[in-house]
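As structure tokens, the structure follows; a few thoughts come after it.
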Amino acid sequence: MSVVAIPTRTHPTVRPERIGPVRPRSAPTVTITLDLAPGPVSPRLARLLELIGELAESGEGRLGPGVADDRPAAPRAVPTAPDPQAIRIATGSRVVHQGSRPIPLTRIEYDLLLFLAEQPRRVFTRLQLLSRVWGYEHAVARTVDVHVRRLRAKIDADMPVVTTVYGVGYRLADEARIEIERNR
1 MSVVAIPTRT
11 HPTVRPERIG
21 PVRPRSAPTV
31 TITLDLAPGP
41 VSPRLARLLE
51 LIGELAESGE
61 GRLGPGVADD
71 RPAAPRAVPT
81 APDPQAIRIA
91 TGSRVVHQGS
101 RPIPLTRIEY
111 DLLLFLAEQP
121 RRVFTRLQLL
131 SRVWGYEHAV
141 ARTVDVHVRR
151 LRAKIDADMP
161 VVTTVYGVGY
171 RLADEARIEI
181 ERNR
């Protein structure tokens, strides 16, 4: 998902190299682009679509071209065959599988994977991960690097799970197919 915010211009900037008149914006604009994968819509995405629809209906916003009016209001309950490459995290038993293959993870590796899977596309610094996953900040930040490397080694190399954001930290990879099964 990408979000672009364009601030209001009170007076247009004149640029001689620009052809045509400059059109000032009357209100701030936020553009949200969602690339939806085939399959069921998650409850969080369904809620986001519902909120965007409510904003448009209330007059606080408008739906631009290309937005279907038949957007899903709730998650679709379409039974799908389990993805053989998907990683399933069972939170109750703390077991992780890739397809039918169990992946033996240490406590920290499991907690790190679950933490990133619960907050996809959000980037965390090493210190944030130490604080939120390890529970303390008084360690060498490179400890995170070691655990990420071990986690990557245990999961099939064909499926990237953790992406390095150079100069910042780590986040869940866009290509990661992870299913979280609560209380299993």
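In case it helps, the UniProt record's numbering puts the sequence shown at residues 1 to 184. Where a beta carbon is used, it is the ideal one built from N, C-alpha and C, also for glycine.
The beta carbons of glycine 169 and glutamine 128 sit closer together than 8 Å. By alpha-carbon distance to valine 144, the top candidate from Leu130, Asp156 and Ala157 is Leu130.
For glutamine 128, the enclosing alpha helix (DSSP H) covers residues 126-129. Cβ atoms of isoleucine 103 and tryptophan 134 stay farther apart than 8 Å, at about 20 Å. Under the three-state reduction of DSSP output, glutamate 179 falls in the strand class.
For leucine 151, the uninterrupted alpha helix (DSSP H) run begins and ends at 142-154, by DSSP.
The beta carbon of histidine 97 sits closer than 6 Å to the beta carbons of Arg88 from its chain, once the five residues preceding and following it are set aside; these are given in chain order. Cα atoms of histidine 147 and methionine 159: separation of roughly 17 Å, rounded to the nearest angstrom.
By the C-beta density criterion, tyrosine 166 is exposed, having fewer than 16 other C-beta atoms within 10 angstroms. In the DSSP assignment, leucine 172 is bridged to Val162. Within the same chain, Cβ atoms closer than 8 Å to the Cβ of asparagine 183 are found at Thr91 and Gly92, the five residues on either side in sequence being excluded. In the DSSP assignment, isoleucine 108 falls within the alpha helix (DSSP H) that extends over 107-118.
For valine 96, DSSP records a beta bridge to Ile89.
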